[in-house]
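Trainee: Have a look at the structure that comes next, please.
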Amino acid sequence: MFDFDVVISGAGPVGMTLALDLGKRGIRTLIVERNETTTRHPKMDITNARSMEIFRHLGIAEELRAVAVPESHPFDVSWITGFTGHELYRFAYPSAEEMRVRIRECNDGSQMREPAMRVSQTEIEPVLRTALEREPLVDLRFSTAYESFSEREDHVEVTVADTTTGDAHRYTCRYLVGCDGGGSRVRRHLGIGLQGQANIMERFMTHFRSPERQLLQRWGIAWHYQSPYGTLIAQNDRDIWTLHSRFGAEGPGKSDPKALVRKFVGRDIDCDILVANEWSPHLLVADSYGGGRVFLAGDAAHQYIPTGGYGMNTGIGDASNLGWKLAAVMRGIASPALLNSYGLERRPVGLRNCDAAGQNNQVRQDISALYTSDIFEDTEAGAAQRRRATARIAEIGNLENEAWGIEHGFTYAGSPAIWPEKSPAPDWDPARYVPTTRPGARLPSLFLPDGTAIYDMLGPWFTLLVFGGADPGDFASVAKRLDVPLKIVAADGADVLECYESPLVLVRPDLHVAWRATGEVASPEAVLLRALGHGDPAKAASPG
């Protein structure tokens, strides 16, 4: 009846992740990208543990790790005066290999299923592209730009244009998703505004290749080296680096990339500039994530200073949340009202992450203020100031890279697609993740006594976890009658039940808890219907 089920504008990591999720769920998807190929710009340098859990569920985690920084390398962050000067303080963080050991040894639900991954967007996009090219229901077109849309009662008409020939084509689809970046044309056509701060301190990016690893790793491998002159990101711990500089007195439009590198390093180095450009960081969130038949995800919905790595990673969460909901509605198992929960669930996360990115940026400025002129001098006064700065940096800390509550502790409680609980929710701490199966929370990750990971037992759609020999009641028959794909997984062990807090836990396709049993299960139908956007549980039989 329609040319495609879904059209996605923008083939960055978020758009491609959404297309991959939809394709695996049997949804015919067209994804268009105005650029001729994947990006040459290193826009991000970490895929956090939550995103890696999502990529694992999509079956591509190992392909992504194959192009990442070696798993034996650490995630250290170090403050320095320059590579010809002094290291003031190093925040040491374990490698992915070391995290895997910790995850196994600390099997109490507090750990993630997958460690984070250091990788540039220039490396991650080709892997996602290859994965999409294996999906027969996904049509990926580069050099094709979204132009406009017209929303109808039962479909959307989308116009795209070949950027090489200028030829325009109009397609019909059931839904349109704008994953087309900060300047999103889809967002503008929806008339959705942005709130927050724009153009926060102009920056300059210098992406370069250099053989001078001995100098640039003078104090050992580090993910980030930082000073008031900017942040140097080790992209592959070998020969590719990215320097993000704050403009000094020279101001925008007058920056010499090699001069900025020299200022940060402390002397001239042999380097080949790959990409160099000005850029403007923002702290913005869209007033709405869309609705009806047109939605926004990724940078089209939120734009952050990259302090904390919340940009792409928040977008991957958007894609994971929206993908299964679109598919469920188009398969006829969910109410269209389920799509209203997308913005209700994800926009609060977008606002919170925006605030966290701003706070992290302020911390960097506070530390930079410790760099008085004498801190660079090899004098007694300089040594004293370096000692004071070192102590203060240690005291301030580095929540930016330790905010496990932000990465894993967010919840969708209060969503119309989440079963409500009357007991008050515990206080949320951005620095601390407390495992819980309270509805709306991310499912805690745990290994069973035989070494099997609960996450690896989950189905592609809904999963009912059954612990301690509990009776799942009529869930299987009700799900079959409602045509809801449901996998029932039984697991035993006292430690397992202690972690998961309830003998029955219903897990959504995006790995969040939809419901858990707090007593006798009276109505599996009410539980499933709520999770799929149908009705109000207050008007249905209580599930206990």
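Residue numbers for the sequence shown follow our numbering, so the first one is 16 and each next one is one higher. Even for Gly, the Cβ is constructed at its ideal location relative to N, Cα and C.
Taking C-beta to C-beta, are ALA111 and MET132 nearer than 8 Å?
Mentor: If you number the sequence shown from 1, residue 111 lands on position 96. If you number the sequence shown from 1, residue 132 lands on position 117. For ALA111 and MET132, yes; Cβs fall inside 8 Å.
Trainee: Would you mind giving the Cβ-Cβ distance between TYR186 and VAL22, rounded to the nearest angstrom? I have them listed as a contact below 8 Å.
Mentor: To locate residue 186, count along the sequence shown from 1; it is residue 171. To locate residue 22, count along the sequence shown from 1; it is residue 7. Yes, TYR186 and VAL22 are in contact; Cβ-Cβ is about 6 Å, under 8 Å.
Trainee: Below 8 Å, how does it come out for the segment 295–304 and the segment 161–175: are there three or more Cβ pairs, yes or no?
Mentor: no
Trainee: Measuring only the C-alpha atoms, how far is HIS170 from GLN374?
Mentor: Mapped onto the sequence shown, residue 170 falls at position 155. Mapped onto the sequence shown, residue 374 falls at position 359. Approximately 42 Å, taken between the alpha carbons.
Trainee: Specify the secondary structure class of THR52 as computed by DSSP and reduced to three states.
Mentor: Here residue 52 corresponds to residue number 37 of the sequence shown, with the count starting at 1. Coil, per DSSP.
Trainee: Any contact between the segment 98–106 and the segment 395–409? By contact I mean 3 or more CB pairs, one from each, below 8 Å.
Mentor: yes
Trainee: Out of HIS222, PRO151 and VAL47, which one is the CA nearest neighbour of ARG55?
Mentor: Here the question's residue 55 lines up with position 40 in the sequence shown. The candidate whose alpha carbon is nearest that of ARG55 is HIS222.
Trainee: Report yes if the CB atom of HIS317 is closer than 8 Å to the CB atom of ALA301, and no otherwise.
Mentor: Taking the sequence shown and counting its residues from 1, the one referred to as residue 317 is at position 302. Taking the sequence shown and counting its residues from 1, the one referred to as residue 301 is at position 286. Going by C-beta atoms, HIS317 is nearer than 8 Å to ALA301.
Trainee: For PRO524, which of LEU73, ASP123 and PHE17 has the nearest alpha-carbon?
Mentor: Counting from one through the sequence shown, the residue named residue 524 turns up at place 509. Considering only alpha carbons, the answer is LEU73.
Trainee: What residue does the alpha helix (DSSP H) around GLY397 start on, and which one ends it?
Mentor: Residue numbering aside, residue 397 sits at position 382 when the sequence shown is read from its first letter. From DSSP, the alpha helix (DSSP H) with GLY397 extends over 395–411.
Trainee: Give a yes or no on whether the C-beta atoms belonging to ILE215 and ILE320 are separated by under 8 Å.
Mentor: Against the sequence shown, residue 215 aligns to sequence position 200. Against the sequence shown, residue 320 aligns to sequence position 305. Yes, the pair counts as a contact, with Cβ atoms nearer than the cut-off.
Trainee: Determine the closest residue to LEU33 out of PRO454, LEU353, ASP154 and ALA349, with distance taken between C-alpha atoms.
Mentor: In the sequence shown, residue 33 corresponds to position 18, counting from 1. Cα-wise, what sits closest to LEU33 is ASP154.
Trainee: In whole angstroms, give me the CA-to-CA distance for ARG117 and ALA396.
Mentor: As a first step, residue 117 is located in the sequence shown; it is residue number 102 there, counting from the start. As a first step, residue 396 is located in the sequence shown; it is residue number 381 there, counting from the start. It is roughly 42 Å from the alpha-carbon of ARG117 to the alpha-carbon of ALA396.
Trainee: Measuring alpha carbon to alpha carbon, tell me which of GLY455, TYR470, PRO454 and ASP254 ends up nearest LEU461.
Mentor: One-based indexing of the sequence shown puts residue 461 at position 446. Cα-wise, what sits closest to LEU461 is TYR470.
Trainee: Given a cut-off of 8 Å, decide if GLY365 and CYS194 are closer than it, judged by their beta-carbon atoms.
Mentor: Numbered from its first residue, the sequence shown carries residue 194 at position 179. Numbered from its first residue, the sequence shown carries residue 365 at position 350. It is not a contact, given that the beta carbons lie outside the stated cut-off.
Trainee: With distance defined between alpha-carbon atoms, name the residue in ASN416, ARG367, PHE219 and LEU341 nearest to LYS39.
Mentor: The residue you call residue 39 lines up with position 24 of the sequence shown. Comparing Cα positions, the closest option is LEU341.
Trainee: Give the DSSP-derived three-state secondary structure of ASP177 in the structure shown.
Mentor: The sequence position of residue 177 within the sequence shown is 162, counting from 1. If DSSP states are grouped into helix, strand and coil, ASP177 belongs with the strands.
Trainee: With a threshold of 16 other CB atoms inside 10 Å of the CB of GLU129, please say whether the residue is buried or exposed.
Mentor: Residue numbering aside, residue 129 sits at position 114 when the sequence shown is read from its first letter. Buried.
Trainee: Please work out which residues of its chain come closer than 6 Å, Cβ to Cβ, to HIS259, disregarding the five sequence neighbours upstream and downstream, and give them in chain order.
Mentor: Position 244 of the sequence shown, counted from the start, is the residue given in the question as residue 259. Result list for HIS259: ARG218, MET220, GLY245 and THR246, in chain order.
Trainee: Taking the alpha carbon of GLU51 as the reference point, which residue from PHE157, VAL134 and ARG80 has its own alpha carbon closest?
Mentor: Taking the sequence shown and counting its residues from 1, one reaches residue 51 at position 36. If we check each option's Cα against that of GLU51, PHE157 comes out closest.
Trainee: May I ask you to report which of helix, strand or coil DSSP gives GLY559?
Mentor: Within the sequence shown, the letter at position 544 stands for residue 559. Caution is warranted here: a pLDDT of 32 is assigned to GLY559, below 50, making its placement in the model unreliable, and the coordinate value is therefore given only provisionally. DSSP places GLY559 in coil when its eight states are reduced to three.
Trainee: Exposed or buried, which one is THR467 when buried takes at least 16 other CB atoms within 10 Å?
Mentor: Position 452 of the sequence shown holds residue 467. THR467 should be labelled exposed.
Trainee: Please confirm if the segment 345–360 is in contact with the segment 420–437, defined as three or more CB-CB distances below 8 Å between the two stretches.
Mentor: Enough Cβ pairs lie closer than 8 Å, so yes.
Trainee: DSSP puts ASP154 in a beta bridge; with which residues?
Mentor: In the sequence shown, counting from the first residue as 1, residue 154 sits at position 139. Paired residue(s): LEU45.
Trainee: Can you list, in chain order, the residues of its chain whose CB lies under 6 Å from that of PRO431, leaving out five sequence neighbours each side?
Mentor: For the purposes of this step, residue 431 is taken as the residue at position 416 of the sequence shown. Here the set comprises SER356.
Trainee: To the nearest angstrom, how far is the alpha carbon of GLY206 from that of GLY307?
Mentor: As a first step, residue 206 is located in the sequence shown; it is residue number 191 there, counting from the start. As a first step, residue 307 is located in the sequence shown; it is residue number 292 there, counting from the start. Using only the alpha carbons, I get a separation of about 14 Å.
Trainee: I need the boundaries of the alpha helix (DSSP H) containing THR32, first residue and last residue.
Mentor: Mapped onto the sequence shown, residue 32 falls at position 17. First-last of the alpha helix (DSSP H) with THR32: 28–39.
Trainee: What span of residues does the beta strand (DSSP E) with HIS184 cover, start to end?
Mentor: Sequence index remark: in the sequence shown, residue 184 carries index 169 (1-based). Residues 183–193.
Trainee: Could you check if ILE288 is buried or exposed, using at least 16 other CB atoms within 10 Å of its CB as the buried criterion?
Mentor: For this step, residue 288 is matched to residue 273 along the sequence shown. With fewer than 16 other CB atoms across the displayed protein chains lying within 10 angstroms of its CB, ILE288 is exposed.
Trainee: Grab me the residues of GLN400's own chain with a C-beta within less than 7 Å of its C-beta, minus the 5 sequence neighbours each way, in chain order.
Mentor: Working through the sequence shown from its first residue, we reach residue 400 at position 385. The residues are THR387, ASP389 and ILE390.
Trainee: Could you please give the first and the last residue of the uninterrupted alpha helix (DSSP H) stretch that includes MET327?
Mentor: Position 312 of the sequence shown, counted from the first residue, corresponds to residue 327. It spans 325–345 - the alpha helix (DSSP H) in which MET327 sits, taken as one unbroken run.
Trainee: If you run the structure through DSSP and keep just helix, strand and coil, what is ALA553?
Mentor: Counting from one through the sequence shown, the residue named residue 553 turns up at place 538. For ALA553, the pLDDT reaches just 46, beneath the cut-off of 50, and the residue's location in the model is therefore unreliable, leaving the point undetermined.
Trainee: May I have the straight-line CA-CA distance separating SER11 from VAL134, to the nearest angstrom?
Mentor: Because the chain in this structure spans residues 16 to 559, residue 11 falls outside the shown range and cannot be described.
Trainee: With DSSP as the reference, identify every bridge partner of TRP94, one or two as the case may be.
Mentor: As a first step, residue 94 must be located in the sequence shown, where it is residue number 79. DSSP lists TYR104 and GLN241 as partners of TRP94.
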